[in-house]
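Data first, discussion second: the structure below is written as structure tokens.
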Amino acid sequence: MLIFWKHRLVFLATPKTGSTAIEVALESLASGSLQRPAPLKHSDFHAYHHFIGPWLKRQSGVEFDTVALMREPVEWLRSWYRFKLRDDLEDPQEGITGISFDDFVGQYVAGSGAAARGIGSQSDFLTCAQGRVDRIFRYEQIDDFVHFLEDRMDCRIELPRVNVPPAVETDLPPSREQELRAMLSRDLTLYASL
């Protein structure tokens, strides 16, 4: 999470949407940066709406705008799979060495095993009962997000290529992809609305 006091803007770091590159590029411009541990870095809209946002409003007298990225939901899960295959994870129990993407998706849909641990959903991250992030940009159109930030902060921004997981096979049988899409229906609906 990055807080830009002067610009009354908060960037919420949706996991697996290039948030590390954004933080590397923008941290020096931010008034506040929550990066460690991961639960702080990836504070969701619910936490912002109930805790951080009200505190910022009390301190500044105004509401801050929230902004975040969202990845196409099936591609987002592919990114999680590639991430969890890495051998440099902070928690080795999060690793999934030897598990195919099909099995990974099966565990995620069932809500069990290392595949399901710590992932959640993008719709849960970006929304709460009281609303949603003000501006959500598609990760696949990250240039639109960068242009928004450049206009808002009146500076040029170049995103570095960091924290890129290895390329691996992530094909799914049609029946498994259909099962996954049914589970991700809220995410797919939110993504289609962007």
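Number 94 in my numbering belongs to position 94 of the sequence shown; there are no gaps in the numbering. C-beta atoms are modelled at their ideal positions from N, C-alpha and C, and glycine is treated no differently.
Enumerate in chain order the residues of its own chain whose CB-to-CB distance from L184 is below 6 Å, with the five nearest sequence positions on each side excluded. In the sequence shown, counting from the first residue as 1, residue 184 sits at position 184. If we look at L184 and ignore the five residues flanking it on each side, its Cβ neighbours are P73.
Scan the stretch 52-94 and note each continuous beta strand (DSSP E) run of 3 residues or more that stays entirely inside, going in chain order. 65-70
With DSSP run on the structure shown, which of helix, strand or coil describes V10? By one-based count along the sequence shown, residue 10 stands at place 10. In the structure shown, V10 sits in a strand (DSSP, three-state: E or B).
If V168 sits next to L77, beta carbons under 8 Å apart, how far is it from one beta carbon to the other, in whole angstroms? The count along the sequence shown starts at 1 and reaches residue 168 at position 168. The count along the sequence shown starts at 1 and reaches residue 77 at position 77. Wrong, their Cβ atoms sit about 13 Å apart, outside the cutoff.
C128 - partner residues in DSSP beta bridges: Stepping through the sequence shown from its first residue, residue 128 is reached at position 128. The partner list for C128 (beta bridge, DSSP) reads G131.
Between which two residues does the beta strand (DSSP E) harbouring L2 extend? By 1-based counting over the sequence shown, the position of residue 2 is 2. 2-4 is the span of the beta strand (DSSP E), which, as asked, contains L2.
By how many angstroms is the C-alpha of Q122 removed from the C-alpha of D187? Position 187 of the sequence shown, counted from the start, is the residue given in the question as residue 187. Position 122 of the sequence shown, counted from the start, is the residue given in the question as residue 122. Taking the straight line joining both Cα atoms gives about 6 Å.
Paired residues, beta bridge with I136 - DSSP: Counting from 1 along the sequence shown, the entry for residue 136 is found at position 136. I136 pairs with A68.
Below 8 Å on the Cβ atoms is my contact criterion, and I expect T17 with R71 to pass it. Report the Cβ-Cβ distance as a whole number of Å. On the sequence shown, residue 17 is found 17 positions in, with the first residue counted as 1. On the sequence shown, residue 71 is found 71 positions in, with the first residue counted as 1. About 5 Å separates the two Cβ atoms, so the contact holds.
According to DSSP, is G113 part of a helix, a strand, or is it coil? On the sequence shown, residue 113 is found 113 positions in, with the first residue counted as 1. Note: G113 maps to helix in three-state DSSP.
For the alpha helix (DSSP H) that Q178 lies in, which residues bound it at each end? Numbered from its first residue, the sequence shown carries residue 178 at position 178. It spans 174-183 - the alpha helix (DSSP H) in which Q178 sits, taken as one unbroken run.
Hey, could you find the ends of the alpha helix (DSSP H) R36 is sitting in? As a first step, residue 36 must be located in the sequence shown, where it is residue number 36. Here R36 belongs to no alpha helix (DSSP H), and DSSP marks it neither H nor E.
Should L26 and L2 be called a contact, given that it needs their Cβ atoms to be closer than 7 Å? By 1-based counting over the sequence shown, the position of residue 26 is 26. By 1-based counting over the sequence shown, the position of residue 2 is 2. Yes, these two residues count as a Cβ contact at 7 Å.
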